[in-house]
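In the numbering used here, the protein residues as written are 5 to 367.
Read the structure below first, then the notes.
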C-alpha cells in the first residue's frame, strides 16, 4: 500500500474558466466533465485530473498524456515515480475516490476536495508488469462503457429528431394534408378515485425517467403508510391511467399505468384517462417530447414554483392524425424505447463487471 503523495505529485492549476479559448490548441481541464480548449499549457506529460469543487466534485476524472492546462480548482496527479503506472492509478483512483471523499466529509454531499484527501489516499500496488496488464484490461472495459454510453446518447438524439418530425408533420409530410389541432381537454378526462376505505394497496410515485415506480423500490422497502402518511387520501390507479406531478411535469414527471392497477398514488398527482379519439401510447410519446415541454412552459402558473394543473393542461393543443397513423407513430417510437432499454441493460452489465473486478482485485 502506498499513499498517492508518496508516489506522485499533486498540484492545482493556475487558470480560470474565462481563460478558455474556442478552438484552442491544448486541452483545458475545468471543474466539470467538459474539456475546454486553451492556447497555453502548464504541463507536458502523463497526468490524472479531478475537480476540487463545482458540479460533480469527486466524480469527474480525466487521464491525459501530453500538453494541457488546468483550472485553479482542479487537481493534477502527475510525475509518477518509476514502478507506478499512471493508467493503473487512474482506474483505481476514479473508482474509489468518491467513496473516500464521502467518508471524510462531515455530511452526505461533497462541496469540495482538499489536497490531502488525494495525497493521503492509499492504493495497493502489485508488481509493475501486473499493473500494466490490469490497467490494459480495465481500460478496455472503460472504453467499452464509453462506447455504450455514446450508442445510447445517439439513440436518444435520433428518437428526439424523429419525434419532432412525426409530431409536427406525421408520416406523410410530402402529401398535402390539413393540420388537426385538438385541445388535450377534448381528448382526456380527469379521474380521481380516492382510497376512502384505507386499503393497504401498493404505494407508487411518478419518477422522471421510469414513470410509475413503487415507493418500496424507491425508498428501500418503506411505503407511505409506514412513514405515517394518511393513505386514505391517496388516489387508486386503474389500468390505462395517466398521472403527472403538476409541479414537476416540466422535467418529465409523468407516467402511464398500462396494465398496472390496484395501486395508490399521492393525491397531489393529476390523474386522467383518454377518449377513444386518441391512442394512449401515441399520447404518452407526445407528452415526453420537447414540443410538449415547450407548451408546458407556456401554460404553467405560480410564484416560487411553477404548476401545470389540469385546467391549463387541458388547453394545450396537439396536432392529431387519424388513429391508424397515431398507432403507427407510437409503434415506431416504442421500438426506439425498447432498443434504448436493451442498450442500457448492456451498459449496466459492463459497469457492474468493472466494479466486480475492481472490488475483487483490490480489497
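Backbone N, C-alpha and C fix where the C-beta goes; we use that ideal spot for every residue, glycine too.
Any idea which residues DSSP pairs residue i with across the strands?
{"i": "residue 187", "result": "321"}
{"i": "residue 69", "result": "50"}
{"i": "residue 21", "result": "Answer by DSSP bridge pairing: none, since residue 21 is not bridged."}
{"i": "residue 259", "result": "247"}
{"i": "residue 217", "result": "209"}
{"i": "residue 116", "result": "57"}
{"i": "residue 279", "result": "Answer is none; residue 279 lacks a bridge partner."}
{"i": "residue 306", "result": "310"}
{"i": "residue 16", "result": "79"}
{"i": "residue 39", "result": "33"}
Roughly how many angstroms lie between the CA atoms of residue i and residue j, to the nearest whole one?
{"i": "residue 5", "j": "residue 71", "result": "30 Å"}
{"i": "residue 180", "j": "residue 174", "result": "Note that residue 180 has pLDDT 45, beneath the 50 cutoff, so the model's placement of it is unreliable and the number below is only indicative. Between residue 180 and residue 174, the C-alpha separation is close to 11 Å."}
{"i": "residue 279", "j": "residue 105", "result": "53 Å"}
{"i": "residue 202", "j": "residue 236", "result": "4 Å"}
{"i": "residue 164", "j": "residue 185", "result": "21 Å"}
{"i": "residue 318", "j": "residue 347", "result": "35 Å"}
{"i": "residue 273", "j": "residue 208", "result": "11 Å"}
{"i": "residue 305", "j": "residue 92", "result": "53 Å"}
{"i": "residue 358", "j": "residue 135", "result": "16 Å"}
{"i": "residue 269", "j": "residue 58", "result": "36 Å"}
{"i": "residue 63", "j": "residue 294", "result": "29 Å"}
{"i": "residue 90", "j": "residue 315", "result": "59 Å"}
{"i": "residue 191", "j": "residue 337", "result": "21 Å"}
{"i": "residue 118", "j": "residue 10", "result": "17 Å"}
{"i": "residue 116", "j": "residue 8", "result": "19 Å"}
{"i": "residue 322", "j": "residue 187", "result": "6 Å"}
{"i": "residue 303", "j": "residue 313", "result": "9 Å"}
{"i": "residue 23", "j": "residue 69", "result": "22 Å"}
{"i": "residue 234", "j": "residue 197", "result": "15 Å"}
{"i": "residue 199", "j": "residue 340", "result": "36 Å"}
{"i": "residue 360", "j": "residue 137", "result": "17 Å"}
{"i": "residue 85", "j": "residue 162", "result": "46 Å"}
{"i": "residue 183", "j": "residue 324", "result": "8 Å"}
{"i": "residue 320", "j": "residue 166", "result": "21 Å"}
{"i": "residue 156", "j": "residue 271", "result": "35 Å"}
Below 6 Å CB to CB, which residues in the same chain sit around residue i once its five sequence neighbours on both sides are set aside?
{"i": "residue 266", "result": "205"}
{"i": "residue 374", "result": "The displayed coordinates of the chain run from 5 to 367. Any statement about residue 374 would go beyond what the structure contains."}
{"i": "residue 189", "result": "318"}
{"i": "residue 15", "result": "80"}
Please classify residue i: is it buried, with 16 or more other beta-carbons within 10 angstroms of its beta-carbon, or exposed?
{"i": "residue 75", "result": "buried"}
{"i": "residue 160", "result": "exposed"}
{"i": "residue 281", "result": "exposed"}
{"i": "residue 61", "result": "buried"}
{"i": "residue 65", "result": "buried"}
{"i": "residue 255", "result": "exposed"}
{"i": "residue 4", "result": "Lying outside 5 to 367, the shown extent of the chain, residue 4 is not represented and no answer is given."}
{"i": "residue 219", "result": "buried"}
{"i": "residue 94", "result": "buried"}
{"i": "residue 238", "result": "buried"}
{"i": "residue 290", "result": "buried"}
{"i": "residue 263", "result": "exposed"}
{"i": "residue 253", "result": "buried"}
{"i": "residue 194", "result": "exposed"}
Enumerate in chain order the residues of its own chain whose CB-to-CB distance from residue i is below 7 Å, with the five nearest sequence positions on each side excluded.
{"i": "residue 343", "result": "159"}
{"i": "residue 73", "result": "17, 19, 30, 32, 42, 44, 45 and 46"}
{"i": "residue 83", "result": "12 and 13"}
{"i": "residue 248", "result": "210, 257, 258, 273 and 274"}
{"i": "residue 423", "result": "Since the first residue of the chain shown is 5 and the last is 367, residue 423 is not available in this structure."}
{"i": "residue 309", "result": "251"}
{"i": "residue 21", "result": "34 and 75"}
{"i": "residue 108", "result": "121"}
{"i": "residue 25", "result": "41, 42 and 43"}
{"i": "residue 139", "result": "89, 91, 92 and 95"}
Determine, using beta carbons only, whether residue i comes closer than 9 Å to chain C.
{"i": "residue 272", "result": "The structure shown has no chain C; it contains just one protein chain."}
Taking 8 Å as the limit between beta carbons, can you name the residues of its chain near residue i, skipping five residues before and five after?
{"i": "residue 211", "result": "217, 222, 257 and 259"}
{"i": "residue 27", "result": "41"}
Can residue i be considered in contact with the ligand ZN, in the sense that its beta carbon sits closer than 8 Å to one or more heavy atoms?
{"i": "residue 279", "result": "For the structure depicted, the ligand ZN is absent and the ligand set is empty, with no information on it obtainable."}
Contact between the stretch 72-89 and the stretch 47-56 is defined here as three or more beta-carbon pairs at a separation below 8 Å; is this criterion met? yes
Segment contact, 8 Å Cβ cut-off, at least three pairs: the stretch 279-292 with the stretch 318-333: yes
Using a Cβ distance threshold of 8 Å, determine whether the stretch 139-147 contacts the stretch 33-41, with at least three qualifying pairs required. no
Contact between the stretch 349-358 and the stretch 149-162: three or more CB pairs below 8 Å? yes
Count the C-beta pairs between the stretch 164-171 and the stretch 332-347 that are closer than 8 Å, then say yes if the count reaches three, no if not. yes
Between the stretch 210-220 and the stretch 298-313, do at least 3 Cβ pairs fall closer than 8 Å? no
Counting pairs of beta carbons, one from the stretch 84-104 and one from the stretch 120-129, are three or more of them closer than 8 Å? yes
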